Structures are given as structure tokens and as C-alpha cells.
Amino acid sequence: MFPLLSKSDLLERHIREKIDKGEDSCVIDLSDIPGGARSFELAAKFCYGLKFEMTSSNVVHLRCAADYLEMTEEMAKGNLIAQTENFLTQTVLRSWKDSIKVLHTCDDVLDIAERLKIIKRCVDSIATKSCSDPDLFVWPVVQYGGPMQSPGGSLLWNGISKGARPRNSSPDWWYDDVSCLSLSLYKKVISAMEYRGISQDIIVGSLNHYAKRRLPSLNRRKSISDVSNCLSVTTLTAIPSEEEQKYLLEEIDRLLPFQRGVTSCKLLFGLLRTAVILKASPSCLSNLERRIGLQLDKATLEDLLIPNISESIETLYDVDCVQRIVDHFLAMDQETGGASSSLGEDGHILASPSLMPITMVAKLIDGYLAEVAPDVNLKLPKFRSLAAAIPDYACPIDDGLYRAIDIYLKAHPHLSESEKEELCRVMDCQKLSLEACTHAAQNERLPLRVIVQVLFLEQLQLRSSIAECLMVSEPLEGGGSRQLGLPISGEHHCAGWPLAARENQILREGMDSMKQRVAELQKECSTMKGQIERLGCSRSAGKSWFPFPLAVKPQICSTKEAALETAAAASEDKLAVVKAGTGTGTGSGGTPQLMHSPSPRLFF
């Protein structure tokens, strides 16, 4: 008993109190000692001088037990507190593997370990090593083929690698090690790493890895091998309950950054689906939807197909959630001016539409509408609201939207004519391709007014195409051997304003020649008419010497009048083209272009 009393101030004080009170029995209750009976046993062996091994697995409990028993240097030199502190400083904090193990054993003595700053020291050590070259400290030997072997394959001597640098080292080498920590300790490690300047991409990658280890629902779309790898740690412990998973999910949401492009859409959608299943807090759901909205242009159609598990809504997919995500994206796009910089004064898109994020979102929503359209429980206002959410300038072609509307009309034949017309108003028939126009003109499911509009626009497109072909194929008088749209000798490499100006000059010369010819035809026709009138007057005076009556105009005159009318019409059409080219025919880069008059647009 004396070795214990000589090194433990707590035991000596309790024994002295018993003796002073004159009690015959001396019973001391140590049931609340940290680490339990095993820790007290090791402390007793230390007091009696028996050999035992101090490791990273028991040093925390020994340190807490020594603090509980008050085994300080005042009681004996080299007491248990000093020995455990020396082991922590000289061995544990210098090793990555030992720091992780020590931190892992702090869960059941969390408050005491926090007070003794064991957790802080281990967290700082881990965070510092994660920011450094992994070759500068001892690697986690458990993950590299066996004991005493470095990741490069060389043997270790006293924790020092004798071989070459490790192969295939990457910034995510520490993900597996920190994933075994509890959430409270993991949060401390992540906060310390952020404080030391680790990039957000690496932090998000670790959060992704940790979430997949702790949330089984995130692995439902993975292969069997991937799921088994992700759950390798959870097999050692019980799967968390739904409440624990819900708390974990909400904490991960708080740790995720709000920066665009840092967190992958696949991870965010996976967390959102899990949050819906676990019935997470509204703030958590709103944050995830907002994060997705910031980078909706990077999502896929499969990501948007979020199953609806609400009992009050009968639709197969959660359309309301997608509507909120689209609203977040449009709000972000409006704040950053993503589309305004690509629009001209007349509202037309100047930049390449395929490179605009909002155009990518428009195509994505068109595909989503086509997927949810067959749902008979999807109401018209909800479908139309999502279709109308995308602004008109974001869609260069409305073929995808037309396909979604056609599928919806097919799945909902009970719609009235007015409801069909209301739905079709979100579609611009002028943006339909020739194939879509041909299909729409024969589509009996569309309202009659839309079919008439499509037919009218189809005729305008056909007329415009024919006019373009005629202008390109027919050479102009006064332009030599040059044809419209062909390069001038030796200048086919020139582009921009000089070439367009020369083309307009050649058109003007051709039109001047045509006007002169028309004037000559008109003068000749007037002369012929005067001669015919004089001949008619002579016959009426009884001096007729024609063998046929003059009630009908001679064929030559009618032929010339027809030619005159045709030439005049062609002159007006081509003159309109020239005026369009010289007036408003400039492209987005400031280069003049030949343009046709815009086609008229019908509105309901």
C-alpha cells in the first residue's frame, strides 16, 4: 500500500482522513477514475515498479488517471504525470499514426483530455503534418502492406525511411486516417487545417470522404466494390442511428463552403437527397439548395431527378425543389450580371450561347421537363411555372421545350383548348427548327392557333430561304464576273468592314444598272402605247387598213409590261436587301453583314 500512497496525493489524503476519523475499515471509492479498472491497474504497476508497455492506445487513459490520482512531481520525482507527458511529447506528437490513435482514444474522456490540452496538441500536430510534405514524418504504416514498411516499399528503421520517396502520393492521403475520428474531433481537425491555409478543394474532399463513411445513403448509387470500400470503417462499429446521421449531415452542411465550384454537384445532390430522407432542418435543406443553385450549370439530368417522399404531394419527382434551385441560380446570375454582358441593345445575344451557363441550365431544364412531363399527377401551373422560369434570351432554340410540351399534352389529354394555349405561350415558335416546325404543323395535340402560327412562320422561312438562294446564284449586272457573296480577286482572305463595304458598293452598282434598264423599258413601252393609240384613232376615222381588230393589246406590249412588273418587283426586293446591309447589317464584332428584314412574329 505504501508505494501507492507515496506517489498518489489523492490516495494519501483519503487514507489520512480515514485514520484521523478513527475508522477501522478503510474503503476508498475509485469508480469514477478515467479509463476504469484497466487504467488503475497500469497506474498501480507503475507505482510498484512492475514493467508494462506505454503505447499510443493507453497513454491518454494513463495521463487522465494520473491526473485523477494526483501523481505529481511533488509526490515523487519522475511520477506518472511526467512520464505520460514525456511520452506524448517525444513519441506521439512526432508521429502521424500515433497522433491519430491518441486522438481516437479521447472520445470517452473528452472533457478531461480537453482540459489537459491533449486534444489540442494532437489536433495541431495532425493539421501541421497534413500541410507538410508527407516524407518528413512517419507514414501510417497500417495502410502500406504491413508493419515497418514505408509507402514507397522500403523498410523503416526507428521510424525513418531508408528508401526512395513514396510513389503516387496525393493531397488526399490523410482522408482515410481522419475518417475514423468522431464528429466533434473531426471538426476540430478540419478547423485547424483551414486555419493553416489548406485549400478548400482538399477540405471539401475530406468532408465528402467522411460523409460517405458515415452516411450509408450516399453510397446507394455506387457499385458494390465502392460501397464496401466506403463502409470499411463503419463495419468495425455500429451504423449510426437516423438521429445521429441527421445531426452529422447538418454539421457537414455547416462545414461546407459557399463558394461556387468548390463542392461537386454530385455530392451536394447526394446530401440533399439524404437530408430529405432524414427530414433535416429547413435551414439545412435551404442551404443545400442554395449551394446547388450557385452551380446548377454543372449539374446533370440524373442529379435533378430527386424522388418525392412527401405524403402531401403525389408527383413522382420533387418539382418544387428543382423550382427553388432554379430560382437561386437566376438570382445569382442576375446579381453577377452573367447574361447582361452578353446582350446587345436590342436584346439579342452577342456572345456564343453555348458557352453561357444560363443556356446550359435552359437545356438542362428542358430535359428535366421532358422527364417529369409523363407524370399524370403533375399539375399544369407547376409545369408551366418551371418552363417559364428560364428567361427568353437564354434559349437560342426551343426544340427541347417543344418536345417537353408535346409529351405533357400527350400525358394530359383532358386539358382544354385555353389551357393548351396558355401552356404553349412559354414557347417561341420562331425559335423552332425546320424539323420541329414540320412536326408541329402536323401535331393534332397542339391548339389550332399555334398550328396556324407555325405554318405561317414556316412559309416565311421558306420564302426567305428561296430569296437567299436566288440572290446568291444569280450574277448581278455591272459586277463583272463577281457573284453575290463570292470573294473579289485576290481578296478572299480579307474580312471585316472593307470587304462588306465593297460588297455593298457592287450591289449599288448592280441596282443602278437595273434602274436604268427599267427606265429604258418604261420609255419604250410609253412610245409603243402612243403609237398604238394613234393607230386606233386612225381606224375610228374610217382609215383602217389592219386586217384584225385592235380590241386586244398586241402580244409584244403585254409581254413587255409583264417583264416590266417583274423587273420592278425584283428591284424593290433587292434594294431592300441592300438597304438592310448598309443600315443595320452589322454583326456583334462590328463587321457589316447582309441581313434580311426580320420575320414578323405573331402573338396570342
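Counting from 1 along the sequence shown, just add 430 to a position and that's the residue number in the numbering used here.
Using N, Cα and C, we set each Cβ at its ideal position, and we do this for glycine too.
Values in this document were obtained by computation on a predicted structure and should not be read as measured data.
query, result
"Beta carbon of residue 701 nearer than 8 Å to that of residue 683", "yes"
"Assigned secondary structure, residue 629 (DSSP; H/G/I helix, E/B strand, else coil)", "coil"
"Anticipated Cβ contact below 8 Å, residue 672 with residue 708, distance rounded", "6 Å"
"Alpha helix (DSSP H) segment containing residue 694, residue limits", "Per DSSP, residue 694 belongs to no alpha helix (DSSP H) and is neither H nor E."
"Residue 438 in three-state terms, based on DSSP", "coil"
"Simplified DSSP state of residue 601, which is helix, strand or coil", "coil"
"For residue 737, the residue or residues it bridges with in DSSP", "747"
"Residues of its chain near residue 704, where Cβ-Cβ distance is below 7 Å and the 5 sequence neighbours each way are ignored", "645, 647, 648 and 679"
"Given residue 505 as reference, the closest of 628, 442, 798 and 493 once Cα atoms are compared", "442"
"Rounded Cβ spacing between residue 489 and residue 553 (contact assumed at less than 8 Å)", "Incorrect: roughly 16 Å between the Cβ atoms, too far for contact."
"Residue 812 to residue 716 span [Cα, whole Å]", "20 Å"
"Buried or exposed (CB count within 10 angstroms, at least 16 for buried), residue 482", "exposed"
"Under 8 Å between C-beta atoms of residue 853 and residue 881", "no"
"Three-state secondary structure assigned by DSSP to residue 742", "coil"
"Runs of alpha helix (DSSP H) lying entirely within the segment 803-880, each at least 4 residues, in chain order", "810-819, 829-841, 847-854 and 864-871"
"Cβ pair residue 469, residue 491 closer than 8 Å", "yes"
"Nearest-angstrom Cβ-Cβ length linking residue 745 and residue 805, presumed shorter than 8 Å", "5 Å"
"Limits of the alpha helix (DSSP H) - the one that residue 524 falls within", "Careful: residue 524 lies outside any alpha helix (DSSP H) and carries neither H nor E."
"CB of residue 767 within 8 Å of CB of residue 793, strictly", "no"
"Local Cβ density within 10 Å of residue 844, reported as buried at 16 or more and exposed below that", "exposed"
"Span separating the alpha-carbon of residue 611 from that of residue 517", "22 Å"
"Own chain residues within Cβ distance below 7 Å of residue 747, not counting five before or after", "735, 736, 737, 738 and 802"
"Nearest candidate by alpha-carbon position, reference residue 461, set 453, 471 and 632", "471"
"Status (buried if at least 16 other CB within 10 Å, exposed otherwise) for residue 480", "exposed"
"Coarse secondary structure for residue 622, derived from DSSP in three states", "helix"
"Cβ pair residue 494, residue 522 closer than 8 Å", "no"
"Where residue 670 falls: helix, strand or coil (DSSP)", "coil"
"Cβ-Cβ distance between residue 695 and residue 675 below 8 Å", "no"
"Residue 723 and residue 759 closer than 8 Å at C-beta", "yes"
"Supposed close pair residue 810, residue 832 - CB separation, criterion 8 Å", "With 8 Å as the limit, residue 810 and residue 832 do not qualify as a contact, their Cβ atoms being about 17 Å apart."
"Residue environment, residue 850, which counts as buried when at least 16 other CB atoms sit within 10 Å", "buried"
"C-beta neighbour in chain D for residue 728, strict 8 Å", "In the displayed structure, chain D is absent; only one protein chain is listed."
"Euclidean distance between Cα positions of residue 625 and residue 557", "9 Å"
"Rounded straight-line distance, which links the Cα of residue 840 to that of residue 872", "14 Å"
"Buried/exposed call for residue 914, threshold 16 Cβ in 10 Å", "Summary for residue 914: the model assigns pLDDT 39, below 50, so the residue's position carries little reliability; its value from the coordinates is reported in the next sentence. Label assigned to residue 914: buried."
"Residue span of the alpha helix (DSSP H) that contains residue 727, given as start and end", "Looking at the DSSP string, residue 727 is not in any alpha helix (DSSP H), and its letter there is neither H nor E."
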